[in-house]
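Mapping the sequence shown onto full-length UniProt numbering, position 234 (from 1) lands on 234, and the numbers just tick up by one. Think of the CB as a built atom: it goes at the ideal place given N, C-alpha and C, for glycine as much as any other residue. Every value quoted in this text rests on a predicted model; they were computed, and no experiment measured them. A short worksheet on the structure shown next.
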Amino acid sequence: AGEAIPAGAPAPVGTGGGSAPWLPISTSELQLQQPPIAHGAMGAIHAATWKGKPVAAKVLHDFSKGALQALKEELLVHARLAHPNIVTLFGANLTPPGCCVVMEKAESSLFERVHNSNADLDRRLVVHIAEQVATGLWYLHSREPPIVHRDIKSHNILLLHEASAVKICDFGLVPSKEPTAGTPNYMAPELFEAKYFDCSVDVFALGVVLNEMFAREVPWDGYQPLDIKDKVVEGERPPVCKTMPTAAQSLLQRLWHQSTKLRPTSEEAASALRDIEDSLPRVGSSGRPMGDTLDDFSSLRLGQTM
1 AGEAIPAGAP APVGTGGGSA PWLPISTSEL QLQQPPIAHG AMGAIHAATW
51 KGKPVAAKVL HDFSKGALQA LKEELLVHAR LAHPNIVTLF GANLTPPGCC
101 VVMEKAESSL FERVHNSNAD LDRRLVVHIA EQVATGLWYL HSREPPIVHR
151 DIKSHNILLL HEASAVKICD FGLVPSKEPT AGTPNYMAPE LFEAKYFDCS
201 VDVFALGVVL NEMFAREVPW DGYQPLDIKD KVVEGERPPV CKTMPTAAQS
251 LLQRLWHQST KLRPTSEEAA SALRDIEDSL PRVGSSGRPM GDTLDDFSSL
301 RLGQTM
């Protein structure tokens with residue numbers, strides 16, 4: 001059984017004149033499932049049903065002016081995106097207390113698949129997921145002006161249809177003017193130093209995610225943000241997984257290179273990952289790769305919530 005979001009009397013946040021560029025969601029159409037499947041700083045994410053369709057609904061609990069403005073700015077970015085590797089936005093309601101964002105529903109996040117399950121992750125699948133993320137980034141970076149996500153991490157990569165579809169989500173940091181915003185475990189050195197940044201910060205984070213998938217270890221697990229900052233700024237990186245194919249290891253060193261100029265573009269990363277994927281053996285009917293497999297890791301450290 002679901003739970004309807006209560007309608008509220010206050011007027012919704014405007015978009016500076018004219019109608020909002022997203023579909024208004026009637027609260028009477030949205031049924032939430034309890035308990036929430038995830039929690040964030042400003043609210044919770046629920047599995048839900050909208051017009052008979054399974055969806056994900058981000059429900060705000062913070063109705064402050066700042067929170068509503070941040071949500072509006074995120075929606076203004078998300079509403080103009082349409083790509084197979086970007087999570088689909090169905091609509092939103094910015095009228096308190098029923099503020100919500102309705103999106104396509106995923107089976108899991110990449111973080112859950114890598115760290116909270118015993119599911120096999122063969123090498124070809126890992127590279128395929130990374131290639132799909134790179135393709136989504138290529139789309140974002142080719143917008144005019146380019147869209148820099150700034151918070152690429154395994155939590156913000158969603159898997160659908162047994163990981164055959166890979167989607168980037170959470171565009172909350174795109175409009176942020178804070179130069180050091182992001183998740184420290186995945187941040188490029190220039191973000192820690194509040195320097196000029198560009199699309200290459202997303203490419204850096206893609207490298208961290210690629211290594212995370214092979215190692216099945218949370219990057220910088222157990223380290224405090226200031227410790228991570230010191231290490232990354234000095235050129236240190238998480239230990240490279242030894243089971244990673246040689247070609248992927250070579251690409252990884254370019255993805256998370258200290259110099260922004262020596263990192264590939266997202267387009268170049270997608271192409272390189274596609275070539276690596278094509279060179280790896282396919283999974284057989286038994287569900288095991290027809291060749292080398294990703295080593296099983298008996299001890300998975302889940303790390304702190306990011």
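Would you decide whether residue i is buried or exposed? Buried here means 16 or more other CB atoms lie within 10 Å of its CB.
i      : result
Thr183 : buried
Gln132 : buried
Leu71  : buried
Tyr139 : buried
Leu226 : exposed
Leu262 : exposed
Leu23  : exposed
Asn93  : buried
Ala41  : exposed
What is the C-beta distance between residue i and residue j, in whole angstroms, given that I count them as a contact (C-beta under 8 Å)?
i      : j      : result
Ile147 : Val77  : 7 Å
Met187 : Val233 : At roughly 10 Å, the Cβ-Cβ gap does not stay under 8 Å, so Met187 and Val233 are not in contact.
Leu252 : Leu280 : The Cβ separation is near 15 Å, so there is no contact.
Arg237 : Trp256 : 6 Å
His141 : Ser266 : 5 Å
Arg254 : Pro245 : Contact doesn't hold; Cβ gap of about 15 Å is too wide.
Val101 : Leu75  : 7 Å
Ile168 : Val55  : About 17 Å; that fails the 8 Å criterion.
Determine the DSSP secondary structure at residue i, reduced to helix, strand or coil.
i      : result
Ser28  : helix
Leu114 : Rather than Leu, the amino acid found at residue 114 in this sequence is Val. It is helical.
Ala181 : coil
Glu193 : coil
His78  : helix
Thr260 : helix
Leu280 : coil
Asn93  : strand
Ala56  : strand
Ala38  : strand
Ile152 : coil
Ala20  : coil
Considering only the alpha carbon of each residue, which of the options lies closest to residue i?
i      : options                           : result
Gln34  : Ala47, Arg237 and Arg282          : Ala47
Phe171 : Ala272, Glu73 and Asp227          : Glu73
Asp230 : Phe214, Glu212 and Glu190         : Glu190
Gly91  : Leu30, Gly43 and Leu262           : Leu30
Lys53  : Met103, Gly235, Pro225 and Ser117 : Met103
Cys99  : Pro264, Arg113 and Ala67          : Ala67
Phe63  : Pro97, Ala248, Ile86 and Glu268   : Pro97
Ile25  : Pro145, Gln249 and Thr95          : Thr95
Leu32  : Val59, Ala20, Ala41 and Gly40     : Val59
Ile276 : Ile129, Trp50, Leu173 and Ala44   : Ile129
Ala269 : Lys65, Ser259 and Phe204          : Phe204
Under the criterion of a Cβ to heavy atom distance below 8 Å, does residue i qualify as lining the ligand COA?
i     : result
Ile25 : Only the bare structure without any ligand can be found here, which leaves the ligand COA out of the picture.
Is the CB of residue i under 9 Å away from at least one CB in chain C?
i      : result
Lys105 : Reference to chain C is not applicable here, since this structure consists of a single protein chain.
- Spell out a yes or no on whether the region 96-112 and the region 157-169 are touching, meaning 3 or more CB-CB pairs, one atom from each, closer than 8 Å. yes
- Task: Would you check if the region 238-251 and the region 206-222 touch, i.e. whether three or more CB-CB distances between them fall below 8 Å?
- Result: yes
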